[in-house]
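Undergrad: Dumping the structure here so I can ask a few things about it.
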Amino acid sequence: MKSQDQGSDMQNISPAAALSLRATGIATLVLGVAVLGGWAFDVDALKVVLPGMQSMKANTALCFALSGAALTALAGLRQRGASRVGQVCAALVAAVAGMTLLEYLFDVDLGLDEFLFQDRKLAAAAHNGRMSAASAAGFLAAAAALLLGRVAAGSIMYAHAARAAALAVFAIGLFSVVGYMVSLDLLYSWSVFSSVALHTGIGFAVLGGGLTAAGWSGFWASAPGSEHERITRLAAWILVTVTLAAGAAGVGFVRATLDANVSDALQLALQAQILRVSSNTELRTTRAQIITSRPNLLRQVRRMVDDPNDEASQAEAKTVLESFLQHGFGGIEIHTPDGRKLVSAGAISGQTDFDFSLKTVTETHLAGVGDKVTLRHRLALADRDGPLGYAWSEQPLVNASSVMLAAQRWQTAEYLLCDAGPERIVCLPTRGHIEPIVIDRGRSGTALLVERAARGETGTTIATDYRRRRVMGAFAPVPALGLVAVLKVDTEELYRPIAHRLRWALPLIILLAAAGTLLLRAHVRPLAGALEQRVVERTQLLERANLRIASREAQLRKVLQAMPSAIVVADAGGNIIELNAGLEKMFGYTREQLIGQPIEMLIPQQHRGVHVSHRASYLEAPHARPMGADMDLRGQRRDGHEFPVEIGLAPVPAEDGSTMVLASIIDITERRAARQQLEAALQEKTVLLNEVHHRVKNNLTVISSLLNLQAGSSNDSAVQAVLDEAQGRVKAMSLIHQLLYERRDFSSLDLGEYLHRLVHLLHGSYGNVRKRAEIRIETPEDGAVQLALDRVIPCGLFVNEVVTNAFKHAFPGDRNGTVTIKLERMPADMVVVTVSDDGVGLPENFDVAQAETLGLQLIGLLADQIHGVLKVYNQPGARFELYFSLHEGETAT
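Going by the numbering used here, the first residue of the sequence shown is number 33, and it counts up by one from there.
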């Protein structure tokens, strides 16, 4: 049951953990396979990131590939057999890493180091092909984390152990990368034979980071914790990281200062050694050239060339040569041009361990046996008679030997004087290596230093020497000899002071980090708890607000869907992004068919092109307005049927700053049909009213004619006067119907126009008076006073009665005068009609209510009929003022 439970737990890893495992696994797998390919095909760019740096060993690349395969397999736990493959790969990694650590601990060779490939570019030395101890420890921790992942899902204790192992892997990678960044090899080198390559450190950082991220994402079990505990843990990690980073920065600064000082010291020491060897060599060459300038020696050699058996000349020549032995020469030989030896003094070494040909004015060789260095010259001999042969001289270079073998300022310092041949580099014996040092060209480390010096470069750098030790080396060419010189010191010795300080500083940093973490947890936990409480409260408030917003949005959507009008929203590009059910019903499309489509699909084909330009012009100055108020707007349903519509537009700001457009569409097919019916009915009514007014006007004309005939047939002047007054009233009313018939507008009549026509009619009716009385009329602009028919008639009759009364009584005899009619529109929509004359005036104490004539009695009644106010003024002349309101039913004040 336990195994089943574990398997079940492993099946339920989160997608985030699976993604982290898969990404990390692929990255490390690619890294391992790429470097293995570099070893298989001898591609230095894959094995070594930069020339002179540490290479990733083949076993290291194999472990990365196996670790990547294990991670990838664990990411696919749902596939049968994936977990077992991951376990096997992790076990292989643990085996290789564990055996490598055993080799370091017990100084044994188990045959793993060069099991896959041999490093042909490194001199034979201990531990060739062996991964560093730091790399072995990192892979052992990674394998532990991977294997514990099988059981950590059901155990908090195993989960903690797995997390610790993953963090150890990440720390090894992180410190290695930081060490390369700040040039502090103490962070990536555990000993002179054990340093982590740059891409190895990057691989460990990725591997450990991926495992840690997978653990945080649920790959391993974790005890339930609150948010404030997570905040406290994060703060502690930040403090530890900052503390360690500050410590690394401090050590890096000390290291950089030391490097600068040591670099200068090494370069100065190297230049001093080069000067010493060059000066000594030049002095020895000058001495050797003296041999060719001794006249006595040249005479004796000429005699021996002519007579090889001349013993006297041989003895004399040997005496001269022996005199040179007292000045540092070890041996001198005289040879004929064909190589036959004539005479010698001292002894020239025979077989040598090395022989460098120097670039000097004479043929010079730097040779030696063991740790003894000699300078050989081949000197041409000639006198006035021609060539004599040549002389070989040999001088021990005691100074050079002492330079190569003497103790330096540093215990591990080594001075190399090398000849960079086309295929091999040969260096003179040193105090650390009594035989000549032979290195193939193209290798890293010492070869790199020599090759840079051979190119004429001078400088200082850190590399791995022929012993596979990390060294700081100064290099420079020796132009006088055509050789190169290198002075190198083990970095272990250089950084020993820092290492001693770091032994005390590192525990102190860790102690400070631990104390700071405890102090931080003590102070941050309450603050984090309070912060968590506030965050929870704010989150609850936000959730409630979001629920309210969601509820209101749902209500708004319901309102939108329930609106009887068709609603559609388009974005700035004219694409439909929202619509309601009304639009679906009106146009016959479904929501899915319209969303994302251009708005022009709802418009007849012939109008779509111009609609695009109209839409663009609207977006230039968007505001709420009806669309195309004077245009015949039409929509097109899905079946192609067109129908009239009325559209209202409103801009809606979008979240991205653009403008959306909301359109409300109403189908006005029924409204337009009703309007057409109403227009037809109105036309019929207009025709009818026109006919009615025409007939009324004709009837009133007939009545007026009848009254005129009756007045003409009567001999009674009183009857004639009454009939004339009645005829005037009929004509006033008939004139109104005449105007209505002419204007074909039966709702109202312009009172000003009517009064002008009425005055003209009255003036013509009283021919005997019009010659003596003038009628003046003043009215406002056309259309200023519009009155309904039932109010125009009383106004017209009022004017008719007052003017008629003035013509009859205001100008007796031959008296002349003027009758003035004035129409004014006053504030508050009040109107006043004034009729005045400059005649004899009204009787004293005149009262309209007590008037005896019918005309004056009608004046009061007409004023009451339109809810007006009548005012009468006397002397001079008579003035009648009728006040009334434009609004029907409203009493004038």
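Even glycine gets a Cβ: it sits at the ideal position worked out from N, Cα and C.
Leaving out five residues before and five after Cys95 in sequence, what residues of the same chain have Cβ atoms less than 6 Å from its Cβ?
TA: Val125, Val128 and Phe171
Undergrad: Can you find the residues in the same chain that come closer than 8 Å, C-beta to C-beta, to Val67, ignoring five residues on each side of it along the sequence?
TA: Leu78, Lys79, Met88, Ala90, Thr92, Ala93, Phe96 and His231
Undergrad: Is the region 691-710 touching the region 595-602 in the sense that three or more CB pairs, one from each, lie closer than 8 Å?
TA: yes
Undergrad: For Thr351, report the span of its alpha helix (DSSP H) as first-last.
TA: Counting along the chain, Thr351 sits inside the alpha helix (DSSP H) bounded by residues Glu343 to Leu357.
Undergrad: Using alpha carbons as the reference points, say which of Pro812, Ser690, Val644 and Asp699 lies closest to Asp664.
TA: Asp699
Undergrad: What did DSSP end up calling Leu515 once you bin it into helix, strand or coil?
TA: strand
Undergrad: Alpha carbon to alpha carbon, how far is Leu398 from Ala297?
TA: 28 Å
Undergrad: In chain order, what are the residue ranges of uninterrupted alpha helix (DSSP H) at least 4 long that sit wholly in the region 464-510?
TA: 478-486
Undergrad: Would you report the Cα separation of Pro539 and Ala277, rounded to the nearest angstrom?
TA: Each residue's Cα considered, the two are about 14 Å apart.
Undergrad: In the structure shown, what three-state DSSP assignment does Leu427 receive?
TA: A quick correction: the sequence has Gln, not Leu, at residue 427. DSSP places Gln427 within a strand segment (E or B) once states are collapsed to three.
Undergrad: Starting from Asn91, follow its DSSP beta bridges and name the residues at the other end.
TA: The partner list for Asn91 (beta bridge, DSSP) is empty, contrary to what the question assumes.
Undergrad: Within 7 Å: the Cβ of Ala50 and any heavy atom of the ligand NAP?
TA: With respect to small molecules bound, the structure shown includes none, and the ligand NAP cannot be examined in it.
Undergrad: In this structure, what does DSSP give as the bridge partners for Glu913?
TA: Thr866 and Lys903
Undergrad: If distances are taken between C-alpha atoms only, which option among Leu914, Ala613 and His646 comes closest to Ala604?
TA: His646
Undergrad: Please tell me whether Leu180 and Ala193 are closer than 8 Å, where the distance is taken between their beta carbons.
TA: yes
Undergrad: Distance check for Leu53 and Gly667, CA to CA, integer angstroms please.
TA: Distance between the alpha carbons of Gly667 and Leu53: 58 Å.
Undergrad: Taking the straight line between their C-alpha atoms, what separation do you get for Gly845 and Gly871?
TA: 11 Å
Undergrad: Using 8 Å as the threshold, is the region 386-401 in touch with the region 362-377, meaning 3 or more CB pairs across them?
TA: no
Undergrad: For Ala895 and Gln889, which I take to be in contact (beta-carbon distance under 8 Å), what is that distance rounded to the nearest angstrom?
TA: Not quite, the Cβ-Cβ distance comes to about 12 Å (not below 8 Å), so this is no contact.
Undergrad: Consult DSSP for Arg666 and reduce its assignment to one of helix, strand or coil.
TA: strand
Undergrad: Between the Cα of Glu922 and those of Arg823, Ser868, Gly909 and Glu525, spot the shortest distance and give me the residue it belongs to.
TA: Arg823
Undergrad: Should His792 go down as buried or exposed, given a rule of 16 or more other Cβ atoms within 10 Å for buried?
TA: exposed
Undergrad: Taking three-plus beta-carbon pairs below 8 Å as touching, is the region 860-879 in contact with the region 830-841?
TA: The answer is yes - the region 830-841 touches the region 860-879, with three or more Cβ pairs under 8 Å.
Undergrad: Would you mind reading off the limits of the beta strand (DSSP E) that contains His397?
TA: Glu395 to Val401
Undergrad: Identify the continuous beta strand (DSSP E) that holds Pro683 and give its terminal residues.
TA: Glu674 to Pro685
Undergrad: Nearest CA to the CA of Cys121: which residue from Leu133, Glu135, Ala105 and Tyr136?
TA: Ala105
Undergrad: Do you know how far the Cα of Gly378 is from the Cα of Thr324?
TA: For Thr324 and Gly378, the distance between alpha carbons rounds to 18 Å.
Undergrad: Which residue wins for smallest C-alpha separation from Ala347, given the options Ser376, Ala168, Ile735 and Ala102?
TA: Ser376
Undergrad: Use the C-beta contact count for Asp671: other C-beta atoms within 10 angstroms, 16 or more gives buried, fewer gives exposed.
TA: So Asp671 ends up on the exposed side.
Undergrad: So for Asn607, helix, strand or coil by DSSP?
TA: strand
Undergrad: Rounded to whole angstroms, what's the CA-CA distance from Arg931 to Asn747? Just pull it up for me.
TA: The structure shown has nothing for residue 931, since the chain only spans 33 to 925.
Undergrad: Whole angstroms are fine: how far does the CA of Asp139 sit from the CA of Ala198?
TA: 28 Å
Undergrad: Work out the CA separation of Gln593 and Arg584 for me, nearest whole Å.
TA: 14 Å
Undergrad: Around the C-beta of Val673, are 16 or more other C-beta atoms found within 10 angstroms, so that it is buried, or is it exposed?
TA: Reading off the sequence shown, one finds His at residue 673, where the question assumed Val. His673 should be labelled exposed.
Undergrad: Look at the alpha carbon of Leu51 and the alpha carbon of Glu467, and state the distance between them as a whole number of angstroms.
TA: 58 Å
Undergrad: Excluding five sequence neighbours on each side, which residues of the same chain lie with their C-beta closer than 6 Å to the C-beta of Arg640?
TA: Glu632
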